[in-house]
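Trainee:
Protein chains: 2
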Amino acid sequence: MPRATTTSDVFNAVAEIRRREILSYLALRERPVGDIVVTLRLAQPSVSKHLRVLRDVGLVRARREGRRMLYRTNAAAIRPLHEWTETFERFWGHQLLRVKERAEAKTQKSDSTK
Amino acid sequence: MPRATTTSDVFNAVAEIRRREILSYLALRERPVGDIVVTLRLAQPSVSKHLRVLRDVGLVRARREGRRMLYRTNAAAIRPLHEWTETFERFWGHQLLRVKERAEAKTQKSDSTK
DNA sequence: TTGACATATTCCTATATGGGAATGTAATGT
DNA sequence: ACATTACATTCCCATATAGGAATATGTCAA
């Protein structure tokens, strides 16, 4: 089985660094494709393809303005990612504690850790 | 060019749902491989391979205890991900505002938005 | 209509999967 | 030494890229 599709979910979509860069760029404000091409120095077809992926998972929204397409980041779609990482937040502190605990256990050198 | 390696960074490593499940499971406490196999109902080789990826990017730590290998999640390695998503946090509110603004603009139906 | 501009799609290719099956390796018990 | 338990690695394969090149689509201007 191959890897999951980039459009299968937000996690897969942001796995690509170019797409993360695009998201950061479009978070500030709406921009036409050409601006992304120039600013991030990517080939135009490449940008269009990345935007397609981001659009499919709802990470960006688009609207047409004349010949140009204006894209902007839909920050709300990043929330699931944020929330998932947040579930680990409480363990950051715990792990420091564990290091301390192990250090103490070592000092006493009697506990068989089982 | 193919997709980046799963071990290229944390973003790619967590793109796989099985690996996210493993991380959640190992966040609570240290576990041997066999427990993951039984609990998450995955083939043993599959679990070993996922653990290998997670280890390579520092998302889990391992230590041997007799025949068993005990793995645990290294929550700190998830921080970069958490911090990246956090940069978008301030836009969640802004976007709600924008929706409101657009709704109001529509009501007045006079502004040509440019 | 014709041309120019802006973006999207298609075609091609090398590559990195993730799962299944089979096999390799390490540690323990007898 | 040998069998058993617990993991790790290797081999095979179908599949989804991401980039480059070429082409298609859409919009405006003269």
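Order-wise, the sequence lines are chains A and B. Under my numbering, the first residue of the first sequence is numbered 1, with each subsequent residue one higher. Under my numbering, the first residue of the second sequence is numbered 1, with each subsequent residue one higher. Ideal placement from N, C-alpha and C gives every residue a C-beta, glycine not left out. Note that the structure is predicted; figures quoted are calculated from it, not measured.
Give the interface partners of A/Glu86 over in chain B, defined as CB-CB distance under 7 angstroms, in chain order.
Mentor: Ordered by position in chain B, the residues that pass the 7 angstroms Cβ test against A/Glu86 are His82.
Trainee: What are the residues of the segment 62-82 of chain A that lie near chain B, defined by any Cβ-Cβ distance shorter than 8 angstroms?
Mentor: The residues in question are Glu65, Thr73, Asn74, Ala75, Ala76, Ile78, Arg79, Leu81 and His82.
Trainee: With 7 angstroms set as the bound, which would you pick, yes or no: does the beta-carbon of B/Ala15 sit closer than that to a beta-carbon of chain A?
Mentor: Cβ-Cβ to chain A under 7 angstroms: yes for B/Ala15.
Trainee: Tell me whether the beta-carbon of B/Thr7 lies closer than 7 angstroms to the beta-carbon of B/Val60.
Mentor: For B/Thr7 and B/Val60, no; Cβs fall outside 7 angstroms.
Trainee: Please say whether B/Thr73 and B/Leu26 have beta carbons closer to each other than 7 angstroms?
Mentor: Result yes, Cβ atoms of B/Leu26 and B/Thr73 sit closer than 7 angstroms.
Trainee: Using a C-beta to C-beta distance shorter than 8 angstroms, which residues of chain A count as neighbours of B/Glu21?
Mentor: Within 8 angstroms Cβ-Cβ: nothing; B/Glu21 doesn't reach chain A, min ~11 angstroms.
Trainee: So which residues of chain A does B/Ala27 contact, with C-beta pairs closer than 7 angstroms?
Mentor: Simply Phe88 and Phe91.
Trainee: Who pairs with B/Arg64 in a beta bridge, going by DSSP?
Mentor: Per DSSP, B/Met69.
Trainee: When you compare the segment 57-71 of chain A with the segment 11-30 of chain A, are there three or more beta-carbon pairs, one atom per stretch, that lie closer than 8 angstroms?
Mentor: With the cut-off at 8 angstroms, the segment 57-71 of chain A and the segment 11-30 of chain A touch.
Trainee: May I ask you to report which of helix, strand or coil DSSP gives B/Pro32?
Mentor: DSSP places B/Pro32 in strand when its eight states are reduced to three.
Trainee: Short check: CB of B/Pro45 to CB of B/Leu70, under 7 angstroms?
Mentor: Taking 7 angstroms as the Cβ cut-off, B/Pro45 and B/Leu70 do not qualify as a contacting pair.
Trainee: On a CA-only basis, which of A/Ile78, A/Glu89 and A/Arg90 is nearest A/Asp9? Give me that one, please.
Mentor: Of the listed residues, the one whose Cα sits closest to A/Asp9 is A/Ile78.
Trainee: Please name the residue, chosen from B/Val47, B/Leu28 and B/Phe91, that lies closest to A/Trp92 on a Cα-to-Cα basis.
Mentor: When only C-alpha atoms are compared, the closest one is B/Leu28.
Trainee: Looking at the structure shown, is B/Glu16 part of a helix, part of a strand, or coil, going by DSSP?
Mentor: Note: B/Glu16 maps to coil in three-state DSSP.
Trainee: So, using beta-carbon positions, are A/Ala13 and B/Phe11 closer together than 7 angstroms?
Mentor: Not closer than 7 angstroms, so no.
Trainee: Would you mind stating whether A/Thr85 and B/His82 have Cβ atoms separated by less than 7 angstroms?
Mentor: Contact: yes.
Trainee: The alpha helix (DSSP H) spanning A/Pro45 covers which residue range?
Mentor: Segment Gln44 to Asp56, the alpha helix (DSSP H) holding A/Pro45.
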